[in-house]
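Trainee: First to last, the sequence lines map onto chains S and E.
Counting in the numbering used here, the first sequence runs from 72 upward without gaps.
Counting in the numbering used here, the second sequence runs from 506 upward without gaps.
Beta carbons: idealized from backbone N, C-alpha and C, even for Gly.
Pasting a structure here, questions to come.
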Amino acid sequence: MAPRTDQHEDTDGLPDFPFSRPDAVAPPSEWAELREGCPIADVRLVSGDRALLLTRIDDVRQLLKDPRFGRQLDPAKGAARLSTADEGTVFTGSADVEDLMTGGDHPRWRRLVGRAFTARRVNGLRPGMRAVAEACVDRMRENGNTADLVSEYGFPIPVQVICALLGTPPEDVDRFSYWSETMLSETKYDQDEILAAQAEFAEYMLGHIADKRARPGDDLLSELASGTGDAWMSDEQLMVTGIGLLVAGHETTANMIGKMVTMLLADRSRWEALLADRSLVRTATEESLRMDANMGVGLPRFVTEETTLPSGEVCPHSTVISSLSAANRDPRAFEDPDRMDLGRSPNPHIAFGAGAHSCIGQALARTELQVALEVLLEQLPTLDLAVPVSELQTRSGVIVGGLAELPVRW
Amino acid sequence: MTRMSDGMRVEVDRDLCCGAGQCALIVPEVFDQDEDDGLVVLLEDAPGREHEEAVREAGAVCPTGAITVSG
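What follows is the structure, encoded as structure tokens:
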């Protein structure tokens, strides 16, 4: 019988998703069990709604590449809610926004924004990234030989980089970080808090856009705001773009720096291998992305038509969550998938998604991760975890995954 | 020309490309991205042996399957 979802159905007895992890970086045991026994699994979300969970990489790849289905989860149309807040969060938006971000206008958006994130442009940002990372290390050293690597290193680097790229002030980090987090809420914020934050974030970004239109600078928002003809974008489109890039540009990479360093220090031989051979930095960052067991809930799709995945049928009106992390440990695609192999190549993981909507900032994220790791290896070769992995606390109540803090010493 | 007829051949599909830039990061001698739209530009359709491993890696990790490597 084909699995299906309907949030009004009885969800008693379904496994609660997301699953709990043994520790901050280890995967839940359910992933492997479902991947082998029930690759299209009924689960219950924190909202109480029902969804299907994919854990095999072939199923995930095919669904993410299917242009028929979008990420917009409209409860009025029968989609499940990811969040405990009634009206949904980052994955729900107005129709014109969806047209730009996932609809017919998306290829144009992808071209206009994508040219700012090419390998060439990103490589040009490397010296600036390195300077930011080195300045973080200098400040950490001034305070002794211990630090919280999340707040003192992992977070400030991507914030500085994305703000410089967009042309918004990094000093506003406390405000836009709070707004970002509400947009990524799973259980942490209620509907009023989310709506108030989104209104403030929109006003903030519209202010910058008006400023860029009047006085263009040498930054991406100015470049986009000065577009004409086919490159023209409305204020609202620019606002959504600016917010999307600011949120995605700092949340995900910041979290990943902490998780990557944790995985590499959890087994000292990994760190030593990198100290001995810096050419492993690139493949080690890719392997860290693949091994990330705390990536967040995964990517949702609202499946509106009958579709056949490699593992079976999905009925219309199903909300389907692709667990990128579970798929990245699929033994069908990765030999010895639970082993961290710093030289693994090729490493066709899908931490950035797959298909036409895969992360537009992935070259930037990859480069930031590489630079963040290189600078730590150079400047703090004796770096070590200051507490056991079992004591590390993860962020909770948000759909992105990361460490609450990462105490280190050197 | 020193190209061997039985060497590796590379094709790219710009309609599939999403501009992820993995290929251009891994082997910039063979792949670049268009400055106007970020989509792939193939610099060398018959890369030399020194790039073979990297080109195969780029093909394997492309998120949209826009790179075809043969030979």
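Compare the C-beta of D537 (chain E) against all C-beta atoms of chain S and say whether one is closer than 9 Å.
Mentor: Output row for D537 (chain E): interface = yes.
Trainee: Would you say F140 (chain S) faces chain E, with C-beta separation under 9 Å as the test?
Mentor: No, no contact with chain E.
Trainee: Does the structure place the segment 390-397 of chain S close enough to the segment 437-455 of chain S that three or more beta carbon pairs sit under 8 Å?
Mentor: The answer is no - the segment 390-397 of chain S does not touch the segment 437-455 of chain S, with fewer than three Cβ pairs under 8 Å.
Trainee: How about T258 (chain S) and S154 (chain S): are their beta carbons less than 9 Å apart?
Mentor: Contact flag set, yes.
Trainee: Sort out for me which residues DSSP pairs Q538 (chain E) with in a bridge.
Mentor: Paired residues: E:V545.
Trainee: With a Cβ-Cβ cutoff of 9 Å, do I328 (chain S) and L440 (chain S) count as a contact?
Mentor: Going by C-beta atoms, I328 (chain S) is nearer than 9 Å to L440 (chain S).
Trainee: Just how far apart, CA to CA, sit R361 (chain S) and L135 (chain S)?
Mentor: Whole-angstrom Cα-Cα distance: 17 Å.
Trainee: Determine, using beta carbons only, whether E562 (chain E) comes closer than 9 Å to chain S.
Mentor: Interface residue, yes.
Trainee: Give a yes or no on whether the minimum CB-CB distance between V566 (chain E) and chain S is below 9 Å.
Mentor: It does; some Cβ of chain S falls within 9 Å.
Trainee: Does the beta-carbon of R353 (chain S) have 16 or more other beta-carbons within 10 angstroms, so that it is buried, or is it exposed?
Mentor: R353 (chain S) comes out buried.
Trainee: According to DSSP, is V368 (chain S) helix, strand or coil?
Mentor: Reduced to three states, the DSSP call for V368 (chain S) is coil.
Trainee: Using three-state DSSP, classify G141 (chain S) as helix, strand or coil.
Mentor: Here G141 (chain S) sits in strand by DSSP.
Trainee: Kindly list, in the order they appear in chain S, the residues whose Cβ is closer than 7 Å to that of A571 (chain E).
Mentor: Those do not exist, as A571 (chain E) stays about 10 Å from chain S at its closest Cβ, beyond 7 Å.
Trainee: Determine, using beta carbons only, whether P552 (chain E) comes closer than 9 Å to chain S.
Mentor: With 9 Å as the cut-off, P552 (chain E) does not count as an interface residue toward chain S.
Trainee: My assumption, with CB atoms under 8 Å, is that R201 (chain S) sits in contact with V479 (chain S). Please give the rounded CB distance.
Mentor: In fact, because the Cβ distance is near 20 Å, the residues do not count as touching under 8 Å.
Trainee: Between P371 (chain S) and A319 (chain S), what straight-line distance do the alpha-carbon atoms span, to the nearest angstrom?
Mentor: P371 (chain S) and A319 (chain S): Cα-Cα distance of roughly 16 Å.
Trainee: Run through the DSSP bridge pairs and tell me what T465 (chain S) is partnered with.
Mentor: DSSP lists S:L474 as partners of T465 (chain S).
Trainee: Just to confirm the assignment, what range does the alpha helix (DSSP H) spanning T312 (chain S) have?
Mentor: Counting along the chain, the alpha helix (DSSP H) containing T312 (chain S) begins and ends at D306 to A337.
Trainee: Taking only three categories from DSSP, how would you classify T217 (chain S)?
Mentor: It is a strand residue.
Trainee: What does the alpha-carbon distance come out to for the pair G369 (chain S) and D87 (chain S)?
Mentor: If I take the Cα positions, the gap works out to 14 Å.
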